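2 protein chains.
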Amino acid sequence: MNSIKVGLLGIGTVGGGTFQVLRRNQEDIRGRAGRGIEITMVADLDVERARSIVGDACTVVSDARQVIANPDIDIVVELIGGYGVARSLVLEAIAAGKHVVTANKALLAVHGSEIFAAAREKGVMVAFEAAVAGGIPIIKALREGLTANRIEWIAGIINGTTNFILSEMRGKGLDFATVLKEAQRLGYAEADPTFDIEGVDAAHKATIMSAIAFGIPVQFDRAHVEGITQLQAADIKYAEQLGYRIKLLGIARRRQDVGGIELRVHPTLIPANRLIANVEGAMNAVLVQADAVGTTLYYGKGAGAEPTASAVIADLVDITRLATADPDHRVPHLAFQPEAMNNTPILPMDQVQTAFYLRLRVADQAGVLSRITTILAEHQISIDAVLQRESAEGESQTDLIILTHDTQEGRMTRALQQMQALETVLAPIVALRKEELA
Amino acid sequence: MNSIKVGLLGIGTVGGGTFQVLRRNQEDIRGRAGRGIEITMVADLDVERARSIVGDACTVVSDARQVIANPDIDIVVELIGGYGVARSLVLEAIAAGKHVVTANKALLAVHGSEIFAAAREKGVMVAFEAAVAGGIPIIKALREGLTANRIEWIAGIINGTTNFILSEMRGKGLDFATVLKEAQRLGYAEADPTFDIEGVDAAHKATIMSAIAFGIPVQFDRAHVEGITQLQAADIKYAEQLGYRIKLLGIARRRQDVGGIELRVHPTLIPANRLIANVEGAMNAVLVQADAVGTTLYYGKGAGAEPTASAVIADLVDITRLATADPDHRVPHLAFQPEAMNNTPILPMDQVQTAFYLRLRVADQAGVLSRITTILAEHQISIDAVLQRESAEGESQTDLIILTHDTQEGRMTRALQQMQALETVLAPIVALRKEELA
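Taken in sequence, the protein lines are chains A and B. Using our numbering, the final residue of the first sequence is 438, and nothing's skipped along the way. Using our numbering, the final residue of the second sequence is 1438, and nothing's skipped along the way.
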């Protein structure tokens, strides 16, 4: 049977990895797919470097549109990244009748609806396993493996850079800025790490998973995005004393009670004995709660040349297979058939339900705890645990740590304002969300 | 579009779960699959009980062959279990042109080659996600998600009963027999638990995974099968002191150096800080090492009505989709196209390479350790760590614990014979395999 002909747009880290893995494992891949999969054309602005990677194995051009226009190319792999030119090229490839594979989470989280609609219209597939959690086949698990289930929630460590930083902060007791520099030196963080450390990258991925899990359109603009830049070493330590770890989680949760969906990325306290709490370094893991199967977890490398290539190639093989199936029988891009999608709203943050960890720097005097607990009670926030450090000799202030039960975020916001206004609260209150993931 | 019509053979725990989940989530499942999936006929010897589960929703018969003969049935789900009648019925269903879904690991591990060949011949699919690790979509991950990879090894906690027992033995310091009774009382172990506690069930699943991972035929008769019935509380405790946990692992490993494959189930010491070492209770987890993606792990419930139903229904939806694809483009039963399978031999146990944990009850006298380490050295077995308990006042014997580096099992067997023959070795030596899973 003829080989499937693939054109790469961009041959950086992931493109290079894809080329290498396809070449190294070509025999196994052909043995599984039933036909060869061959990269026959590569477009990259840096033609020299591209040529140094692929040698004489395929045509190298600087203009991506030549790949799209080539009638021999069956599948176009977009590895350029970003929202701009990548969007145009993906839409043009679809218009030209090519199947598309992309690792571009930003593009799909923002322009996914437009892209998937165009693909349906044209009868081609857009596959994107590599866009979420790198080499972990989580898109396949959610869309196909758990297809029998009503998914209740997803909570994922889906950004390796921030997980590496948090692991180092905890392990070595260092502060954020110091560890970030180390991460940059080791190549775990980019020179401009904004998208990672501010939670944007995780939010892109959580947005894509929320759509697949709940049958809603991708709505990155409705996601709550909060990074780890404000996180202090002290809170990681207190959390540990209370039996918790702090992880940057991307969370998507169905809220039956209010008919909405929570979509949020933020540092989160989770019980230290949960499997996902022990995911360290740059590794990723996604925890899924679903009605029939219960809890499942998927763990692996979320980035890097070959782990991401593993996902890109899995998509190539899937397309090879499903391309011959009746288009109505292919796996829908967002798990649900277009007519079965719904418009359950993503909830504003003040309607989100979570528990909280609070750290208050308070004057060490009688009545402080009472005033604070009274405010919490007035907002119907119930307390799970209190940790008050004995103040050192001669100290006139101390840290008061409070863990609450689940409450509505809006209530906590109002309680925080009142507590912050107390004279005996001497510094900005640290408030972190806490999830039991049970 | 017409609903897919499904006939169940056997409606016990898993059949009942499948019926319930299909009914409860029918709207979501139709929304994903693009068409309804309906159980229209059930065969069970206990017609009364079957009727009490399905009500008037479908036809109930006592003769499975009526389901197979029904021209309206598209897919037959075999949930009878065992090697006997299940084999005949699956082959008859295939001969009748039905696609088959089965959760029957024993059947596939033993008669898989015959069944898959018959299915290919007839152009139908046999799907079996539920046969390994219950609701965890591990078959899909191995066959499709990791299709780009050369798989190096798989190590799985794939039997919930034994993992529950081991967790309880460690947590409560109890011995095997006591915990087994508790497990039976709680429903985690069957009245006749032989297949679970002797490692047979895990070996069935490991056999299936080895075939998918390495492109070899299923060869249950070549698997090394060792259960947990001989495991003593003392060894769990010593292992813990040395930083290890003991788990019943199913292991399939490619041995490039000798051109063979290891396929074995046995209690195994693994480092306590590995994620898989922290899989507790009846949960399952499969760790996969592959060349491109690196390490991935899949965790979830390995048994139970609805987790298993989740896998059965995922198979039903997959068949619904791929049934319209060109048969040459479907996912091959064992991941590789028939002509791409190979005959790499499964290695005899004495060629297997592992590290060891040894516990020797020895006379507390000078020269004992020297004699033992000399024997190990003579067999080129190098020592990683030694733990010698100080003997209690008045005691004349003590436990000597030795951890070795990787060695060939054959060497260890011979060294054990010599050590056992020493006069100063006062009881049968406990030898357990140890894997770093790095």
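Note that the Cβ used here is the ideal one computed from N, Cα and C, for glycine as well. Source: prediction; values computed, not measured.
Check, Outcome
"Give me the residue from B/T1354, B/G1302, B/Q1417, B/Q1184 with the minimum Cα distance to B/T1404.", "B/T1354"
"Between the C-alpha atoms of A/F116 and B/V1430, what's the straight-line distance to the nearest angstrom?", "60 angstroms"
"Does the beta-carbon of B/R1049 have 16 or more other beta-carbons within 10 angstroms, so that it is buried, or is it exposed?", "exposed"
"Whole angstroms is fine: what's the gap from B/L1108's alpha carbon to B/E1114's?", "9 angstroms"
"If you check the beta carbons only, do B/I1261 and B/F1214 fall under 8 angstroms apart?", "yes"
"Would you verify that the beta carbon of B/A1303 is, or is not, closer than 8 angstroms to some beta carbon of chain A?", "no"
"Just checking, does the segment 252 to 267 of chain A make contact with the segment 411 to 425 of chain A on the three C-beta pairs under 8 angstroms criterion?", "no"
"Can you round the beta-carbon distance between B/V1317 and B/I1037 to whole angstroms, since I take them to be within the 8 angstroms contact cut?", "7 angstroms"
"Could you check whether the Cβ of B/L1416 sits closer than 8 angstroms to any Cβ belonging to chain A?", "no"
"So which residues on chain A does B/K1140 lean against when the C-beta distance must stay under 7 angstroms?", "K140, E144, G145"
"Any C-beta of chain B sitting closer than 8 angstroms to the C-beta of A/D74?", "no"
"Using a threshold of 8 angstroms, state whether the C-beta atoms of A/A64 and A/L91 are closer than that.", "no"
"Please state whether the Cβ-Cβ distance between A/A103 and A/L79 is less than 8 angstroms.", "yes"
"Can you give me, in chain order, the residues of the segment 7 to 36 of chain A that have a beta carbon less than 9 angstroms from any beta carbon in chain B?", "G17, T18, Q20, V21, L22, R24, N25, E27, D28, I29, R30, G31, R32, A33, G34, R35"
"So, using beta-carbon positions, are B/I1333 and B/A1119 closer together than 8 angstroms?", "First, the residue type needs correcting, since residue 1333 of chain B is His and not Ile in the sequence shown. The answer is yes: Cβ separation under 8 angstroms."
"Can you check the segment 1363 to 1391 of chain B for any beta strand (DSSP E) of at least 3 residues that lies completely inside it and give the ranges in chain order?", "1383 to 1388"
"Under 8 angstroms, Cβ to Cβ, is there at least one residue of chain A near B/Q1256?", "no"
"A/R32 lies in the alpha helix (DSSP H); which residues open and close that run?", "26 to 33"
"According to DSSP, is B/N1163 part of a helix, a strand, or is it coil?", "helix"
"Would DSSP call B/Y1299 helix, strand or coil?", "strand"
"Just the C-alpha distance for B/N1002 and B/T1320, rounded to the nearest angstrom, thanks.", "11 angstroms"
"For the segment 206 to 228 of chain A, enumerate the residues whose C-beta is nearer than 7 angstroms to any C-beta of chain B, in chain order.", "G215"
"Please confirm if A/E190 has its CB atom under 8 angstroms from at least one CB of chain B.", "no"
"Just the C-alpha distance for A/G135 and B/V1286, rounded to the nearest angstrom, thanks.", "16 angstroms"
"Out of B/D1201, B/R1414, B/Q1337, B/P1345, point me to the one whose CA is closest to B/G1302's CA.", "B/D1201"
"Would you mind working out which of A/A377, A/R389, A/L400, A/D350 sits nearest A/D361, comparing C-alpha positions?", "In the sequence as presented, Asp is not what sits at residue 361 of chain A; that position holds Arg. For A/R361, the nearest C-alpha among the options comes from A/L400."
"If distances are taken between C-alpha atoms only, which option among B/G1160, B/M1283, B/G1294 comes closest to B/I1228?", "B/G1160"
"Check whether the segment 1167 to 1183 of chain B and the segment 1135 to 1151 of chain B are in contact - that is, three or more C-beta pairs closer than 8 angstroms.", "no"
"Does A/E435 come out as helix, strand or coil in the three-state DSSP assignment?", "coil"
"Which same chain residues, not among the five before or five after A/G97, have their C-beta less than 7 angstroms away from its C-beta?", "K122, V124"
"Determine, using beta carbons only, whether B/V1329 comes closer than 8 angstroms to chain A.", "Checking the displayed sequence, the identity of residue 1329 of chain B turns out to be His instead of Val. Taking Cβ atoms only, chain A reaches closer than 8 angstroms to B/H1329, which makes this a yes."
"Quick one: what does DSSP say A/N343 is sitting in, helix, strand or coil?", "coil"
"Going along the chain, which residues of its own chain have a beta-carbon closer than 6 angstroms to the beta-carbon of A/S396, five neighbours each way excluded?", "D364"
"Can you check whether the C-beta of B/A1314 is within less than 8 angstroms of a C-beta belonging to chain A?", "yes"
"In terms of alpha-carbon separation, which member of B/A1323, B/N1163, B/Q1230 lies closest to B/A1133?", "B/N1163"
"If the cut is a Cβ gap below 7 angstroms, which residues of chain B does A/A325 touch?", "R1321, L1322, T1324, A1325"
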